[in-house]
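The sequence shown begins at 41 in our numbering and counts up by one.
Beta carbons are placed, not taken as given, at the ideal position from N, Cα and C, and that holds for glycine.
This one's a predicted model, so the numbers in the text were calculated from it and none came from an experiment.
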Amino acid sequence: MIAIDERGYYGEFGGAFIPEMLHSNIDNLRSKYLDIIAEPAFQKEFQALLKDYVGRPSPLYLAERLSEKYNTPIYLKREDLNHTGAHKINNTIGQILLAKRLGKTRIIAETGAGQHGVATATVCALMGIECIVYMGEVDIERQAPNVSRMRMLGAEVRPAKSGSKTLKDATNEAIRDWINHPVDTHYIIGSVVGPHPYPDMVARFQSVISEEMKWQLEEKTGKTNPDIIIACVGGGSNAAGAYYHYLNEKDVRLVAVEAAGLGVNTGESAATSVLGTKGIIHGSRTLLMQTDDGQIIEPYSISAGLDYPGIGPMHAHLIDTARAEAVSVTDQEALDAAFMLSRIEGIIPALETAHAFSALDKIEYQSGDVIVVNLSGRGDKDLNTYIKYLDKIG
Numbered sequence: 041m042i043a044i045d046e047r048g049y050y051g052e053f054g055g056a057f058i059p060e061m062l063h064s065n066i067d068n069l070r071s072k073y074l075d076i077i078a079e080p081a082f083q084k085e086f087q088a089l090l091k092d093y094v095g096r097p098s099p100l101y102l103a104e105r106l107s108e109k110y111n112t113p114i115y116l117k118r119e120d121l122n123h124t125g126a127h128k129i130n131n132t133i134g135q136i137l138l139a140k141r142l143g144k145t146r147i148i149a150e151t152g153a154g155q156h157g158v159a160t161a162t163v164c165a166l167m168g169i170e171c172i173v174y175m176g177e178v179d180i181e182r183q184a185p186n187v188s189r190m191r192m193l194g195a196e197v198r199p200a201k202s203g204s205k206t207l208k209d210a211t212n213e214a215i216r217d218w219i220n221h222p223v224d225t226h227y228i229i230g231s232v233v234g235p236h237p238y239p240d241m242v243a244r245f246q247s248v249i250s251e252e253m254k255w256q257l258e259e260k261t262g263k264t265n266p267d268i269i270i271a272c273v274g275g276g277s278n279a280a281g282a283y284y285h286y287l288n289e290k291d292v293r294l295v296a297v298e299a300a301g302l303g304v305n306t307g308e309s310a311a312t313s314v315l316g317t318k319g320i321i322h323g324s325r326t327l328l329m330q331t332d333d334g335q336i337i338e339p340y341s342i343s344a345g346l347d348y349p350g351i352g353p354m355h356a357h358l359i360d361t362a363r364a365e366a367v368s369v370t371d372q373e374a375l376d377a378a379f380m381l382s383r384i385e386g387i388i389p390a391l392e393t394a395h396a397f398s399a400l401d402k403i404e405y406q407s408g409d410v411i412v413v414n415l416s417g418r419g420d421k422d423l424n425t426y427i428k429y430l431d432k433i434g
């Protein structure tokens, strides 16, 4: 059975490798999060906000022209239709309610593509709580629309100016902030990464995705299980949510799609499952891109949300045990997939999500297999990148 153990491990991946200053915060969170989440009052408030504020359930859409192209039924789980335009809001709603019950008055977060930053700024505005979002300088430039959204929502966006100036570095800055403000601050981590209990907690909040998929599939197909679920994976929260209720359903294939950047072996890639080895990053043991002496290798992807040198410990375990299949997709393949989806279904996906659609050209399946692609976010934030590509292809 695939589940996290009491020490916070999925198999040999996970745990909590943290500085002494954060032990009290992490221990407090670990000892209380399951009880708080299980409280009827918490669940009532959480479910009401998901329904009336986020707009759930998100539709499960049979993409007829896409299905015709690939000669098999393909359903899209439309997380792009959530308030703020991505799956990230599911987690931030849950964590802000948790933070309030823990008595926290200040929220920090990291963001790459900006969707988690926007979702965090959104729930902080909703609850009237101070919000600071760390974002790499490179990502601030390439995801400018989301930076503007965060500022309009009242968040302070602080640039990470070290390293590659992307998601890894924003996470480093957020952790430094938390060490300096351990009493009043809650760190809303945006993916299934970090020290235990974050990977499990974020997966639980995102599990609403697969919970809905089960009854929606039954309504549309007469069975609760698809044959294949495809999702993009950077840290991997959207994939964790899409897989969650199918982890122990061995007849359901799980496909995790990573960013190959300019190519897996070019030195400009973020394909962690291929290039990574076992090590520790941001508080957990997982697969990460590193040198022989343990120095982080800077990742690269056109997609800010997948530009990360590691993956969540759940996904490391799923890939290491062959429960999930890892597929690597280049920048160019993701761009091609984004335009393909836009022009045959009228849906502009986020660049992260576009990687997942490209996997349809790379995996084997039988005609008639039911495939669900988790459409994790909309592409408004990536229009500047898409426009550059559009000018090339006409």
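_Taking its Cβ as the centre, do 16 or more other Cβ atoms sit within 10 Å of P35, making it buried, or is it exposed?_
With the chain covering only 41 through 434, there is no way to say anything about residue 35.
_Helix, strand or coil at Y340 [DSSP, three-state]_ = coil
*Flag this pair as yes or no: are the beta carbons of A153 and I270 separated by less than 7 Å?*
no
*By a C-beta neighbour count over all protein chains shown, 10 Å radius and 16 as the cutoff for buried, is I427 buried or exposed?*
exposed
*Taking DSSP as the reference, what is the three-state secondary structure of R216?*
helix
*Would you say A159 and V173 are within 7 Å of each other, going by their C-beta atoms?*
no
*From the DSSP output, in three-state form, read off K421 for me.*
helix
*Can you give me the start and stop residues for the beta strand (DSSP E) that I147 sits inside?*
146-151
*Can you tell me whether DSSP reads K432 as helix, strand or coil?*
helix
*Grab the span of the alpha helix (DSSP H) containing N68 for me, first residue to last.*
63-78
*Determine, using beta-carbon pairs with one atom in the segment 374-390 and one in the segment 406-418, whether at least three such pairs fall under 8 Å.*
yes
*Using a Cβ-Cβ cut-off of 8 Å (strictly less than) and excluding sequence neighbours within five positions of I342, which residues of its own chain qualify?*
A299, G301, D371, A374, L375, L391, T425
*How far does the alpha helix (DSSP H) with N3 in it reach, from first residue to last?*
Outside the shown range of the chain (41 to 434) lies residue 3, about which nothing can therefore be said.
*Identify which residue in V273, G316, Q256 has its Cα closest to the Cα of G230.*
V273
*Given a threshold of 16 other Cβ atoms within 10 Å of its Cβ, counted over all protein chains shown, does E37 qualify as buried or as exposed?*
Since the displayed the chain opens at 41 and closes at 434, residue 37 lies outside it and no answer follows.
*Among the residues of its own chain, which have a CB less than 8 Å from the CB of I58, if the five just before and after it don't count?*
I66, P235, G323
_Mapping the DSSP letters down to three states, classify Q330 as helix, strand or coil._
strand
_Under 7 Å between C-beta atoms of S107 and L121_ = no
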